[in-house]
Amino acid sequence: MTPELIAQALKSLRQQKPLVVNITNYVVMNNTANALLAVGASPIMAHSREEMADMMSFAGALVINIGTLDKVWVERMAFAIEQANANQTPIVLDPVGCGATTFRTETSRRFAALAKRLIIRGNASEIIALAGEKSQGKGVDAQDSSQAALSAAKALVDEYQANVVVSGEVDYIVTKDSVFSLSNGHSMMPQVTGTGCSLSALTGAFAAIGETTGLVAAAVMGVAGEIAGQEAKGPGSLQTALLDALFALDDDTLLARLKLAQL
98 MTPELIAQAL KSLRQQKPLV VNITNYVVMN NTANALLAVG ASPIMAHSRE
148 EMADMMSFAG ALVINIGTLD KVWVERMAFA IEQANANQTP IVLDPVGCGA
198 TTFRTETSRR FAALAKRLII RGNASEIIAL AGEKSQGKGV DAQDSSQAAL
248 SAAKALVDEY QANVVVSGEV DYIVTKDSVF SLSNGHSMMP QVTGTGCSLS
298 ALTGAFAAIG ETTGLVAAAV MGVAGEIAGQ EAKGPGSLQT ALLDALFALD
348 DDTLLARLKL AQL
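Using the working numbering, you'd call the opening residue of the sequence shown number 98 and step up by one each time.
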């Protein structure tokens with residue numbers, strides 16, 4: 098994956114405007130829907146079991162985010178994953194707070210095992226916990242470095258035949274055949290709730306057009322976050338600046354700012 102191919106994928110997404118179904122947490126529904134709209138995709142924040150079979154018959158991707166989990170939502174999410182599998186629809190799993198409680202950890206592993214065309218996007222502590230290793234998470238926040246999660250990410254690739262995106266100061270994108278690092282973003286981004294969740298949603302948007310590594314979404318979000326962080330006065334204005342940066346991002350800016358390396 099070259100920088101030029103990343104820029105081309107962004108252009109293709111804006112042309113195709115894929116529909117992304119999000120079963121996501123109450124905290125970030127507005128954030129993630131607006132991020133998808135800003136980048137050029139079409140979001141729907143559906144969670145009803147009664148319409149999920151229909152949804153998965155025409156959706157481009159399914160994003161599952163367990164941030165505000167309960168037993169009712171677990172079964173709805175599992176059903177949605179089954180319907181996505183039946184339609185060969187790519188699935189993004191955001192295992193929010195995996196490792197914080199047994200319920201979250203077991204649910205994350207259940208979904209990862211159930212999903213077929215899977216991309217896992219989480220912070221370092223979530224990825225480590227999902228792989229069954231000891232993490233240093235604090236609730237939904239990561240206390241581990243993204244580099245410390247690399248071995249866990251590789252284990253998840255093998256166990257679930259998934260691609261894995263580890264978010265952090267440096268993002269790592271791990272597939273069966275490659276490992277990439279991205280060093281964009283801004284130190285203020287963790288101070289705004291939902292930036293990682295928005296990345297998961299963008300990962301679904303690019304998966305819907307066939308880019309299932311997670312690399313392009315991480316690149317776009319990282320560069321947009323870097324621009325937004327340089328313009329914002331604080332976390333409040335960062336949210337607005339991030340949407341504006343996603344909307345305005347063009348090929349030249351993306352190529353000029355991208356800090357991509359293959360390991």
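Where is the CB? At the ideal position from N, CA and C, for every residue including glycine. Note that the coordinates shown come from a computational prediction; the quantities given were computed from them, not determined experimentally.
Expected contact under 8 Å - CB spacing of residue i and residue j to nearest Å
i: Ile188; j: Asn260; result: Contact doesn't hold; Cβ gap of about 11 Å is too wide.
i: Ala226; j: Thr202; result: 6 Å
i: Ala143; j: Val118; result: 5 Å
i: Val313; j: Leu346; result: Not confirmed; about 12 Å, so no contact.
i: Phe224; j: Val263; result: What sits at residue 224 in the sequence shown is Ile, not Phe. Between Val263 and Ile224 the Cβ distance is about 5 Å, and since that is below 8 Å, they are a contact.
i: Leu343; j: Val136; result: 5 Å
i: Ser139; j: Leu159; result: So it is not a contact: roughly 14 Å between Cβ atoms.
Pairwise C-alpha distance: residue j and residue i
i: Phe200; j: Thr129; result: 24 Å
i: Ile103; j: Gln258; result: 23 Å
i: Pro332; j: Trp170; result: 30 Å
i: Met98; j: Ser334; result: 33 Å
i: Ala228; j: Glu101; result: 33 Å
i: Asp268; j: Ala175; result: 28 Å
i: Asn220; j: Gly265; result: 6 Å
i: Gln105; j: Gly196; result: 37 Å
i: Val254; j: Val271; result: 7 Å
i: Ala132; j: Glu256; result: 31 Å
i: Ser154; j: Lys108; result: 25 Å
i: Gly319; j: Ala305; result: 20 Å
i: Gly157; j: Glu148; result: 16 Å
i: Ala177; j: Lys273; result: 26 Å
i: Gly311; j: Leu352; result: 17 Å
i: Ile163; j: Thr300; result: 16 Å
i: Ala245; j: Met286; result: 20 Å
Span of the alpha helix (DSSP H), counted from its first residue to its last, around residue i
i: Pro100; result: Pro100 to Gln113
i: Gly322; result: Leu312 to Glu328
i: Ala156; result: Ala156 -> no alpha helix (DSSP H), and no H or E assigned at all.
i: Gln180; result: Lys168 to Ala183
i: Asn119; result: Per DSSP, Asn119 belongs to no alpha helix (DSSP H); it is in the beta strand (DSSP E), Leu116 to Ile120.
i: Asp349; result: Asp348 to Arg354
i: Gln336; result: Pro332 to Ala345
i: Val125; result: Here Val125 belongs to no alpha helix (DSSP H), and DSSP marks it neither H nor E.
N- and C-terminal bounds of the beta strand (DSSP E) containing residue i
i: Arg206; result: No beta strand (DSSP E) contains Arg206, which is instead part of the alpha helix (DSSP H) from Thr199 to Leu211.
i: Ile270; result: Asp268 to Val271
i: Ile217; result: Leu215 to Asn220
i: Asp191; result: Ile188 to Asp191
Cβ-based burial, residue i [other Cβ within 10 Å; buried from 16]
i: Gln359; result: exposed
i: Pro141; result: According to the sequence displayed, residue 141 carries Ile and not Pro. Exposed is the call here.
i: Gln112; result: exposed
i: Gln336; result: buried
i: Asp167; result: exposed
i: Gly307; result: exposed
i: Gln288; result: exposed
i: Ala210; result: exposed
i: Asn127; result: exposed
i: Ser222; result: buried
i: Ser145; result: exposed
i: Ala183; result: exposed
**Prompt:** How about the region 241 to 251 and the region 283 to 298: do they share at least three Cβ pairs that are nearer than 8 Å?
**Reply:** The region 241 to 251 makes no contact with the region 283 to 298; the number of CB pairs closer than 8 Å stays below 3.
query: Are the region 278 to 287 and the region 317 to 333 touching, with three or more C-beta to C-beta distances below 8 Å?
result: Result yes; three or more Cβ-Cβ pairs closer than 8 Å.
Item to complete: Evaluate contact between the region 204 to 224 and the region 172 to 192, counting only Cβ atoms and requiring at least three cross-stretch pairs below 8 Å.
Response: Touching, yes, given that three or more Cβ pairs across the two stretches are closer than 8 Å.
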